[in-house]
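There are 2 protein chains.
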Amino acid sequence: MTPPTPLHLSLAGQAVDVLREQVLTGEIPPGSRVNEVEVAQKLGISRGPLREAIRHLASEGLLTLVPHRGAFVPDADAEDVKALFELRTALECAAAELAASRRTDVDLVRLHEVCAESRSNYKAGQPFPYRLDLAFHQTLLDAARSPHIAEQVRLVQQRVVLLRSALEDDPPHQHASMDDHDELVKAVADGDAARASTVMRRHLSRVCAQMMASLNH
Amino acid sequence: MTPPTPLHLSLAGQAVDVLREQVLTGEIPPGSRVNEVEVAQKLGISRGPLREAIRHLASEGLLTLVPHRGAFVPDADAEDVKALFELRTALECAAAELAASRRTDVDLVRLHEVCAESRSNYKAGQPFPYRLDLAFHQTLLDAARSPHIAEQVRLVQQRVVLLRSALEDDPPHQHASMDDHDELVKAVADGDAARASTVMRRHLSRVCAQMMASLNH
DNA sequence: AAACTGCCAACTGTCGACAGTTGACACGTT
DNA sequence: AACGTGTCAACTGTCGACAGTTGGCAGTTT
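Chains as they are written, first to last, in numbering that gives the first Met the number 0: chain A, 0 to 216; chain B, 0 to 216.
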């Protein structure tokens, strides 16, 4: 059934994927500890690969390691969110600038598609799904064509998702976000790097404030 | 002599430090492979902790993992340098902006000290040591008071150091760098975030060009 | 002689077991 | 009753050994 390394992914790699999923979905709730023997048995693997998986997720910021105590799912306060968004702003503003100067027509089509889908969903009474927000930022990132920045944004995004569990999206915020996205696309289409950066900064500032507000009850 | 976890650092943690040193100093040259059993014996530890150390360094970008082949010290070409500096520019420009708005008088004193030491060394006929360049950027980073950005810059800096082995510092470049540093300090002292960002971008652009030139023989 | 095939050593991926540390509970003391 | 102490179970850190895969080499074929 499970030969050591059949063809594609090592046990450690599979464990990384499974654990990441469980942490991001909250199946393993923030603040809880990850028991090595217990999880290893549940995944049907040994402690060795699982340990590697845990360390990997810790390097991504999805787990925090305490010597001789184990790995914990971090639960953040408003202060952490603010600090994290400083990094995200630095990365995504730079990405927005690069996208404005490097985007192709295909990139613009994709960006318009995502924005249009968000609008239609919203007008149909559906809430603006976080999935589409992620898709927009990912598409913009692809247009920037900077693999290292993209990789770092991916890691930060993950951590934001981890903290997003308690976030109740309210309609005003959703509307403002979609407006920001549209404005970003316009700036990128015009090749206006400075404006793209400015709009992105304002957008992320808004999102950050929203998250901090919902974290403070 | 070596109980499992004597008091402070795990064997894996120690191995990380030793290996990082060996990789950054070029003791383990770029392109070479890291043999697990060999290095483990040389460090007097088992393969388990060493594997964790290897994975950790890989997550920092100091090693690249190839399934079933092992870990290699990456040797980069000009294209990689350019891509890496896009990330570094995004991070350090943001840090420069934050430093301009958050710096205290103590930060300014420290920045002036580093610049002064660089100048005096240079005028004494000594080459501008890379150590002082790192110190300057680190001091500026401290003034920005953004731990996440600082951590990411540290990782990128490491990778730059890894590629720096073949870099011959020529006096014109050193002089220009010191001028950039002085100009940065002025902007930070004035609290001029926009100017700090601009100067930092120009500075890193110069350093990047210098590195790419020396990589192309 | 060049290309293909089968074998082999070296190394990574994985596992189970042992040793040391940590936090907690129970007990005794002040 | 509150505090300090000793003991203990649970867990992490570490180790040595086995299984599977990879790349290279020798031998054979065309």
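In this text, a Cβ means the ideal position worked out from N, Cα and C, and glycines have one as well.
Owing to the predicted nature of the structure, the values given are computational and were not obtained by experimental measurement.
Please classify A89 (chain B) as buried or exposed, where buried requires at least 16 other C-beta atoms within 10 Å of its C-beta.
buried
Tell me, please, which residues DSSP counts as bridged to R101 (chain B).
Beta-bridge pairing links R101 (chain B) to no other residue.
Please tell me whether L64 (chain B) and Q157 (chain B) are closer than 8 Å, where the distance is taken between their beta carbons.
no
From the DSSP secondary-structure annotation, give me the bridge partner or partners of G69 (chain A).
Beta-bridge pairing links G69 (chain A) to A:V65.
Classify R144 (chain A) as helix, strand or coil using the three-state DSSP reduction.
coil
If you count every other CB in all the chains shown that lies within 10 Å of the CB of Q40 (chain A), and 16 or more means buried, which is it?
exposed
Any beta carbon from chain B within less than 8 Å of P73 (chain A)'s own beta carbon?
For P73 (chain A), no Cβ of chain B is located within less than 8 Å of the residue's own Cβ.
Going along the chain, which residues of the stretch 155 to 181 of chain A sit with their C-beta nearer than 7 Å to a C-beta in chain B?
none
Contact under 8 Å by Cβ, A186 (chain A) with R205 (chain A)
no
If you measure beta-carbon to beta-carbon, which residues of the stretch 190 to 207 of chain B are closer than 9 Å to chain A?
none
How should D76 (chain A) be labelled, buried or exposed, when 16 other C-beta atoms within 10 angstroms of its C-beta is the threshold for buried?
exposed
Residues in its own chain within less than 8 Å of A193 (chain A) by CB, not counting five upstream and five downstream?
E96
Taking the C-alpha atoms as reference points, what is the distance between A195 (chain B) and H55 (chain A)?
35 Å
Within chain B, partners of I148 (chain A) - CB distance below 7 Å
E85, L86, A89
Could you give the C-beta distance for V72 (chain A) and S31 (chain A), rounded to a whole number, given that I count them as a contact under 8 Å?
Indeed, because the Cβ distance is near 6 Å, the residues count as touching under 8 Å.
In whole angstroms, what is the alpha-carbon distance linking T4 (chain B) and A99 (chain B)?
Because the pLDDT of T4 (chain B) is 39, which lies under 50, any placement of that residue in the model is unreliable, and the number read from its coordinates should be weighed accordingly. So the alpha carbons of these two residues sit roughly 44 Å apart.
Could you give the C-beta distance for A149 (chain A) and L139 (chain A), rounded to a whole number, given that I count them as a contact under 8 Å?
In fact, because the Cβ distance is near 10 Å, the residues do not count as touching under 8 Å.
At a CB-CB cut-off below 8 Å, which residues of chain B make contact with H55 (chain A)?
R54, S58
Please report whether the beta-carbon of P66 (chain B) lies at a distance below 8 Å from any beta-carbon of chain A.
yes
Limits of the alpha helix (DSSP H) - the one that T197 (chain B) falls within
192 to 214
I'd like to know whether the C-beta atoms of P48 (chain B) and A14 (chain B) end up nearer to each other than 8 Å.
yes
Spatial neighbours of V184 (chain A) within its chain, please: CB distance less than 8 Å, with the 5 preceding and 5 following residues excluded, ordered by chain position.
L107, L110, H111, C114
Range of the contiguous alpha helix (DSSP H) that encloses S37 (chain B)
At residue 37 (chain B) the sequence reads Glu, which differs from the Ser that was named. Run containing E37 (chain B): 35 to 42, per the alpha helix (DSSP H) assignment.
In chain order, what residues of the stretch 117 to 148 of chain B put their CB closer than 8 Å to some CB of chain A?
S145, P146, H147, I148
List, in chain order, every chain B residue whose beta-carbon is nearer than 9 Å to that of A93 (chain A).
Counting only Cβ-Cβ distances below 9 Å, A93 (chain A) has contacts in chain B at E85, L86, T88, A89, L90, C92, A93, in chain order.
The alpha helix (DSSP H) with S45 (chain B) in it runs from where to where?
From DSSP, S45 (chain B) is part of no alpha helix (DSSP H); its letter is neither H nor E.
For R19 (chain B), report the span of its alpha helix (DSSP H) as first-last.
10 to 23
How far does the alpha helix (DSSP H) with P170 (chain B) in it reach, from first residue to last?
If you look at P170 (chain B), you'll find it in the alpha helix (DSSP H) that goes 170 to 189.
For the putative contact between Q137 (chain A) and Q151 (chain B), defined by C-beta atoms under 8 Å, what is the C-beta separation to the nearest angstrom?
Actually they do not touch by this definition, with Cβ atoms about 20 Å apart.
Nearest-angstrom Cα separation, counted from G124 (chain A) out to A82 (chain B)
42 Å
Could you check how far apart the C-beta atoms of D178 (chain B) and R201 (chain B) are, in whole angstroms? I think they sit under 8 Å.
Incorrect: roughly 10 Å between the Cβ atoms, too far for contact.
From the beta carbon of Q151 (chain B), is the nearest beta carbon of chain A less than 8 Å away?
yes
Output needed for T1 (chain B): all residues of its chain with C-beta closer than 6 Å, excluding positions within five of it in sequence on either side, in chain order.
Because the pLDDT of T1 (chain B) is 36, which lies under 50, any placement of that residue in the model is unreliable, and the question is left without a value.
Within 10 angstroms of its Cβ, does V155 (chain A) collect 16 or more other Cβ (buried), or is it exposed?
buried
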